[in-house]
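Data first, discussion second: the structure below is written as C-alpha cells.
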Amino acid sequence: MTSRENLAVILTIVLGIFAINIHARSWDIAIAIGREVEFLAQNQTLIGQAKLAEAVTLSGVAYDDITRTMYFSDVSNKNITIFSNDLEDKNFTLKPLLKKQSKSYILALAFDIKSRTLFWSDALQGVIMKMHVSEDGLPEEPTILHNLTYQSPRGIALDVCNSHIYWVNSNNTNPSIEKSNLDGSNRVTVIKEDLYEPLAVAIDHSNKKLYWIDDAEGLRIKIERSNLDGSERELLVHPKRHQPVYLALDHNSIYWSDLVHRAVWTIPKDTKFDEPRMFRSYQSTHDADPAGIVTRDNVGKVECPVNTNTTQNTNPTNLSLDERSYNNLITSTEESELTTETSKHCLNDGHVGEKEGTCQCRLGFTGPYCEINLCHNYCFRGNCSINSDGLPTCKCNNAFIGPRCETDVCKDYCLHDGQCSVQDEKPVCKCKYSQGSRCEILGNTAELCEIICATERVPTSVVTAHCRCPEKNRLAQMVIAKEENEYSTWLPIFGAVVGVLILVIAVLSFYVNKFRKRPRIKKRFVVSKGGVTPLTSRPQLPDNQCEITIENCCNMNICETPCFEPKLCVAASGANVSKKEEKNSLLDNMEENSW
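Per UniProt numbering, residue 1 is the first one in the sequence shown, and the count goes up by one each step.
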C-alpha cells in the first residue's frame, strides 16, 4: 500500500470518528427555564428551544463540547436528579444519570472535558460530589470530593487551566469562597472578608479572573471579581432588587439569572458600574423562573494564558498521553467542522471564503449558511436595523424604550386623562385639566369648569365639581342633574322610613307605660261579729259590725284565704276581748255568712 493510500485510510478513519454529526457552532448561550432549554446567540437571537418531557424544574446546566452532550440537574423530580442529553438526538430524550436521594438539592453543575468528570454541589447534604462519565455516556459511581458540614455550598466553577475547582459557601454566618485541586487536595479559602451570602461563581480563563455574585444584605446585590488567588478585588455592579441564582461568562459579557424580574441580565465584562441590560425576559412567556446558564466560550476549547502556573504543559512534548489526545481531539473536531462546511450553499448573499471554507455572511445575517436574520423578531415595538458592528439596533415607536423596545413607559403614567409621550427615553405628560409632572394635581374649580364646559365630553373624574355650564353644553348639566335627581329621589324615601320607625317606637312606649300603671283592685265587705246577716250597702256601722278591705286577692273575689291578712276591726268600746279572739270570731263569721 502506497503512502498516498495510507494517508487516505488515516483521513477516512479520522473523519469517520470526528466528523459524524459534527457541524459548525450554532448557539452561544443556553438557559434552563422550567422544563425547557433555550439556545441563543450572543446578540439575543433565539436559535432554538427544546422541551424536556421527563424534567420538572431544571436548575444546573453543564456542557461537554466534545460529545455534544448537555447535563441537567432537576430540583423537583421525584426519581432522577441529574440527566444527560445528546444534542444530536433530535428527540431530545433525557438519559438518567443519578437517582433521587433523600434530602438532596443539586443547584450547580460543572463538567471537566479533560478528565471527563462531572462535578455538582448539594446544598442540603452539604457536599461537593464528582462522577466520571465515559464518552459512551456510562457513568461511574459518584464519590464525595468535599464534605462541607455546617456549610451551604451553592455555585461551583472549574479553572481548567490550573485544574482547580472553586465553590461558594452561602451560609451567611460564615460565608466564603474556596478552592481545591480537582482531586480534592490543597483546599484553601480564597475570599473571606466582606461577604454576606455568595451565590454563584465563574472563572474567566483568558484574563485569569474570578467572578462571583453576593446577595448583599438590603436592596442591592454585588457582582465582584478578583485575581484567582483573591487579590486585587473590585466591585463591578451594584444593582437594586435582584435575586440572582446563576452566573456565567463569555469573552465579552457577564450573565446572571434573576428571580425577581424573572429574567437574564447582562453587562460588559470590561466595564464598571454600568446599568445592567435585560438580555432576555421570561415574565410573560413562562410560568417558571430562569435557572442555569452555560456559555460555549467557557466550556469549549479554553485558551489558557501562556504565563499561567501550567506553562510547561503548553509544550506538546511535556504533555501526558491523555492530555495530548485531548488537545488532538479538540483540534480534529474544529478542523472537521470546517471541512463539513466547504461545500455548502450560502444564503442571503453570503459567500464561501477561499481560506476559511465557511460562509462569510453580510451584515445582519449569521449562522452556518447565513440563514439567520439578526433582525427577525428582534424589536418588540420598533424598527430594526444593523449598525456598523453588525449588531441589530432598534428605533422604538412612541412610548416604548429599551434595547428591544420592550418597555412601555407610558402605561398608567399620566393621570386624569393626560396624554403621554416619550422625550429622551422618559415619559412626559401633556395635561388637560390638571397640573404636575404626571397630571396628578387638579386645578381650581373655576378653571376646571371652564375646561369642562368647553368640551362635549365630561371627564368622569371631575364630575363632582358640579360645574354650571351654558345652554350649549348639555352633557355636563345632564350628568349633574342626574346626580341631583338621585339625591332628590332617595331623600324622601329615607325620611319616610325614619318617620315610621319613630311612630312605632312612640306607640310601643305608650302601651308599655300604660301596663306599668294599672290600678290595684280593692273590694270592701261589711261583716258582723254576732252572726248578723252581712249588709249589702254601707250604712252607719253599729258597734257590733266592722268593714274589711281586701286587696289583691288570689282570684279577685272574696278569697277563702286572702293574699295577705286583712286589717282587724276595731273592738267595741268597753269590750275586754283580745285581738286573737276577735280574729277567730271574724273568720268563723265569714265562713257562716258566705254566699
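Ideal Cβ placement from N, Cα and C applies to all residues, glycine included. Treat the numbers as computed from the prediction; the structure is a model and nothing was measured.
Would you kindly report the start and end of the unbroken beta strand (DSSP E) that includes residue i?
| i | result |
| --- | --- |
| Leu-347 | Premise fails: Leu-347 is in no beta strand (DSSP E) and is neither H nor E. |
| Gln-49 | 46-51 |
| Asp-214 | 209-214 |
| Glu-275 | Glu-275 -> no beta strand (DSSP E), and no H or E assigned at all. |
| Gly-402 | Neither: Gly-402 is in no beta strand (DSSP E) and is coded neither H nor E. |
| Ile-191 | 188-191 |
| Ile-221 | Careful: Ile-221 lies outside any beta strand (DSSP E) and carries neither H nor E. |
| Pro-96 | 95-99 |
| Tyr-433 | First-last for Tyr-433: undefined, no H or E at that position. |
| Tyr-71 | 69-74 |
| Glu-232 | That residue, Glu-232, is in no beta strand (DSSP E); it is neither H nor E in DSSP. |
| Pro-244 | 244-249 |
So who's on the other strand from residue i, going by DSSP bridges?
| i | result |
| --- | --- |
| His-146 | Ile-128 |
| residue 599 | Past the boundaries of the shown model lies residue 599; the chain is included only from 1 to 595, so the question cannot be answered. |
| Trp-265 | Trp-256, Met-278 |
| His-164 | Asp-159, Asn-181 |
| Phe-365 | Asn-373 |
| Gly-382 | Cys-396 |
| Tyr-196 | Answer is none; Tyr-196 lacks a bridge partner. |
| Cys-429 | Cys-420 |
| Ile-80 | Lys-99 |
| Pro-153 | Asn-169 |
| Thr-285 | According to DSSP, which records beta bridges pairwise, Thr-285 is partnered with nothing at all. |
| Tyr-63 | Met-70 |
| Lys-301 | In DSSP, Lys-301 forms no bridge with anything. |
| Cys-359 | Val-352 |
So, using beta-carbon positions, are residue i and residue j closer together than 8 Å?
| i | j | result |
| --- | --- | --- |
| Phe-83 | Ala-55 | yes |
| Arg-296 | Gln-44 | no |
| Asp-214 | Glu-232 | no |
| Trp-212 | Glu-224 | yes |
| Asp-122 | Met-129 | yes |
| Ser-185 | Asn-169 | no |
| residue 633 | Leu-199 | Since the first residue shown for the chain is 1 and the last is 595, residue 633 is missing from the structure and cannot be characterised. |
| residue 598 | Leu-210 | In the structure as shown, the chain starts at 1 and stops at 595, and residue 598 therefore has no counterpart that could be examined. |
| Val-127 | Tyr-105 | no |
| Gly-34 | Ala-202 | no |
| Lys-395 | Gly-418 | no |
| Asp-112 | Leu-182 | yes |
| Cys-384 | Tyr-378 | yes |
| Gln-283 | Val-260 | no |
| Pro-142 | Leu-98 | yes |
| Glu-178 | Val-190 | yes |
| Pro-276 | Pro-305 | no |
| Tyr-63 | Val-299 | yes |
Sorted by chain position, which residues of the same chain lie with C-beta nearer than 6 Å to residue i's C-beta, five sequence neighbours on each side aside?
| i | result |
| --- | --- |
| Leu-363 | Ile-386, Gly-390 |
| Glu-581 | none |
| Leu-415 | Arg-438, Cys-439, Glu-440 |
| His-251 | Asp-297 |
| Ala-32 | Leu-58, Val-61, Ala-291, Gly-292 |
| Pro-29 | Checking the sequence shown, residue 29 turns out to be Ile, not Pro. Same-chain partners within the cutoff: Leu-40, Thr-295. |
| Trp-120 | Ile-106, Leu-109, Met-129 |
| Leu-491 | none |
| Glu-38 | Ile-31, Gln-49 |
| Asn-584 | none |
Excluding the 5 residues preceding and the 5 following residue i in the sequence, name in chain order all residues of the same chain whose CB lies nearer than 8 Å to its CB.
| i | result |
| --- | --- |
| Tyr-413 | Cys-420, Pro-427, Cys-429, Arg-438 |
| Thr-489 | none |
| Thr-407 | Phe-400, Ile-401 |
| Lys-514 | none |
| Asp-274 | Val-237, Ile-267, Pro-268 |
| Leu-138 | none |
| Ile-372 | Ala-41, Thr-45, Ile-47, Phe-365, Thr-366 |
Pop quiz: residue i and residue j are said to be a contact at Cβ under 8 Å. What is the actual Cβ separation, rounded to whole angstroms?
| i | j | result |
| --- | --- | --- |
| Ser-59 | Ala-291 | 5 Å |
| Ile-47 | Ala-53 | Actually they do not touch by this definition, with Cβ atoms about 21 Å apart. |
| Cys-346 | Cys-359 | 4 Å |
| Ser-156 | Ile-144 | The amino acid occupying residue 156 in the given sequence is Ile; Ser does not appear at that position. Wrong, their Cβ atoms sit about 14 Å apart, outside the cutoff. |
| Lys-114 | Asn-77 | Contact flag wrong, Cβ pair sits at about 29 Å. |
| Phe-380 | Cys-405 | 5 Å |
| Pro-392 | Ser-26 | The Cβ separation is near 18 Å, so there is no contact. |
Excluding five sequence neighbours on each side, which residues of the same chain lie with their C-beta closer than 7 Å to the C-beta of residue i?
| i | result |
| --- | --- |
| Asp-349 | Arg-362 |
| Ser-343 | Low local confidence applies: a pLDDT of 39 at Ser-343 is under 50, so the model's placement there is unreliable, and no value is given. |
| Gln-125 | Lys-103, Ser-104 |
| Arg-68 | Asp-86, Leu-87, Glu-88 |
| Asn-398 | Ser-421, Val-422 |
For residue i, is the beta carbon positioned less than 7 Å from some heavy atom of the ligand ADP?
| i | result |
| --- | --- |
| Met-131 | Looking at this structure, you won't find the ligand ADP or any other ligand, since it has none at all. |
Can a CB atom of chain C be found closer than 8 Å to the CB of residue i?
| i | result |
| --- | --- |
| Gly-364 | This model lacks chain C altogether; it includes just one protein chain. |
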